[in-house]
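Participant: Quick one: structure below, then a few questions.
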Amino acid sequence: MEKKNIDWENLGFGYIETEKRYVSNFKDGAWDEGMLTAEANVVMSECACVLQYAQTIFEGMKAYTTEKGQIVIFRPDLNAKRMADSAKRLEMPVFPEERFVDAVVKVVEANKAYVPPYGSGATLYLRPFMFGSNAVIGVKPADEYQFRVFATPVGPYFKGGVKPLTICVSDFDRAAPHGTGNIKAGLNYAMSLHAIVTAHKNGYDENMYLDAATRTKVEETGGANFLFVTKDGKVVTPKSDSILPSITRRSLMAVAKDYLGLEVEEREVYFDEIKDFAECGLCGTAAVISPVGKIVDHGKEICLPSGMNQMGEITKKLYDTLTGIQMGRIEAPDGWIKVVEA
Ligand code: PLP
Ligand code: COI
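Residue numbers (numbering that gives the first Met the number 0): 0 to 341.
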């Protein structure tokens, strides 16, 4: 199969329309059988629940070309489960988990020419999403929904690849206690747009959100969870009911423990502790692990000992092991890799 003529090495994190996407509609209490389509546009009522009341959820995952030339997807079953949790929280019907994985596989198969080659640094980003599509004017859930999956080839989320980031403590809160911070709903990202534009205007790469109730604990960024490394080599990640349960973070904690033999801890992390950590990274599907070199709190700088030139030593080991597993250079734990093409 001939690959598309794309400058894979220089791709940013942007949308490129690919050939096929998957669509299934929910009506009269049931999902239809679903199909692949070339139609990238969506037509719906001006009063659709998604347009009026933001009833939409999504997922993000990647397909990779391995060292041996296979096309694989990383832990799609966990994305399927998380999307089911998101759906329940927003009173949407669950798209069955096996059908979710099957739909994602179909989209990758149909867009093989867009799966970036091994070693290019790019991957095929997959975006499953679902929205309330029929007209709703009183505040209530829709009765009709559309589930879709599209694919787009992407490069690194942060410009400059693995250069350490400078982030700032946000004055805005991302998620309320008992709110929707733990699901992947579009509304969480809509509220972050002003905060990220403000951060960028002020010269920062990302925001660090604190817990809304006390503003003393570290939550996450707009699109990734935090990992910290202590000076004695322990990997620590914030525990909170209002952050997204990152699949990358969960995988990295397993990698740290089982592959690197490190001590790991998921616990509340106070902002005041950050000055004592040796390394910090942002982890997520898009971010992979992006090292943080500096955290700025209203002009007060906290510089991580790992510095502004390279990834911290343990962050780098985590990065190499996780990407090694994803690209087939290192044996994966059972069930982590879904092979699309043998
Ligand atoms: N936190 C937020 C707010 C995100 O949007 C993402 C991205 O999906 C993550 C964390 C990382 O999650 P995952 O590793 O499952 O991609
Ligand atoms: C992902 O990592 O898949 C996300 O959805 C994060 C988003 C900010 C691109």
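Using N, Cα and C, we set each Cβ at its ideal position, and we do this for glycine too. It should be emphasised that the depicted structure is a prediction, and the values quoted were computed from it without experimental measurement.
Work out the CA separation of Met252 and Ser239 for me, nearest whole Å.
Facilitator: Within the sequence shown, numbered from 1, the residue matching residue 239 stands at position 240. Within the sequence shown, numbered from 1, the residue matching residue 252 stands at position 253. Spanning the two alpha carbons is a distance of roughly 16 Å.
Participant: Closest by CA to Lys3, which one among Pro116, Gln54 and Glu97?
Facilitator: For the purposes of this step, residue 3 is taken as the residue at position 4 of the sequence shown. It is Pro116.
Participant: Can at least three beta-carbon pairs, one atom from the region 203-210 and one from the region 164-171, be found at a separation below 8 Å?
Facilitator: The region 203-210 is in contact with the region 164-171.
Participant: Verify the contact flag: Gly222, CB atom, against every heavy atom of ligand 1, threshold strictly below 7 Å.
Facilitator: Your numbering for residue 222 matches position 223 in the sequence shown. Yes, ligand 1 has a heavy atom inside 7 Å of this Cβ.
Participant: Can you tell me whether Lys183 is buried or exposed? The criterion is at least 16 other CB atoms within 10 Å of its CB, across all chains shown.
Facilitator: Along the sequence shown, read from residue 1 onward, the residue named residue 183 stands at position 184. Flag for Lys183 reads buried.
Participant: Does the beta carbon of Glu219 fall short of 7 Å from some heavy atom of ligand 1?
Facilitator: Taking the sequence shown and counting its residues from 1, the one referred to as residue 219 is at position 220. Glu219 Cβ: within cutoff of ligand 1.
Participant: Residue range of the beta strand (DSSP E) that Ala62 falls in?
Facilitator: The sequence position of residue 62 within the sequence shown is 63, counting from 1. Taken as a continuous stretch (DSSP letters only), the beta strand (DSSP E) holding Ala62 covers Met60 to Thr64.
Participant: Would you check whether ligand 2 has a heavy atom nearer than 7 Å to the C-beta of Thr284?
Facilitator: Counting from 1 along the sequence shown, the entry for residue 284 is found at position 285. The answer is yes for Thr284.
Participant: Nearest to Gln54 by alpha carbon, out of Asn40, Trp30, Thr179 and Ala175?
Facilitator: Against the sequence shown, residue 54 aligns to sequence position 55. The residue with the shortest Cα to Cα distance from Gln54 is Thr179.
Participant: Can at least three beta-carbon pairs, one atom from the region 312-321 and one from the region 273-290, be found at a separation below 8 Å?
Facilitator: Yes: the two stretches touch, three or more of their Cβ pairs being nearer than 8 Å.
Participant: Would you call the region 128-138 and the region 249-265 in contact, with 3 or more CB pairs under 8 Å?
Facilitator: Cβ pair count under 8 Å is below three, so no.
Participant: Which of the three DSSP states, helix, strand or coil, is assigned to Val114?
Facilitator: Counting from one through the sequence shown, the residue named residue 114 turns up at place 115. Of the three classes helix, strand and coil, the one that applies to Val114 here is coil, per DSSP.
Participant: Would you say the beta carbon of Gly280 comes nearer than 7 Å to a heavy atom of ligand 3?
Facilitator: The model on display carries ligand 1 and ligand 2 but not ligand 3.
Participant: Cys46: which of Val71, Tyr14, Ala79 and Asp142 sits nearest, CA to CA?
Facilitator: Translated into the one-based positions of the sequence shown, residue 46 becomes position 47. Ranking the options by Cα distance to Cys46, first place goes to Asp142.
Participant: Ends of the beta strand (DSSP E) at Ile336?
Facilitator: As a first step, residue 336 must be located in the sequence shown, where it is residue number 337. Element bounds for Ile336: Ile336 to Glu340.
Participant: Could you tell me the distance, in whole angstroms, from the CA atom of Ala121 to the CA atom of Lys61?
Facilitator: Taking the first residue of the sequence shown as 1, we reach residue 121 at position 122. Taking the first residue of the sequence shown as 1, we reach residue 61 at position 62. So the two alpha carbons sit approximately 10 Å from each other.
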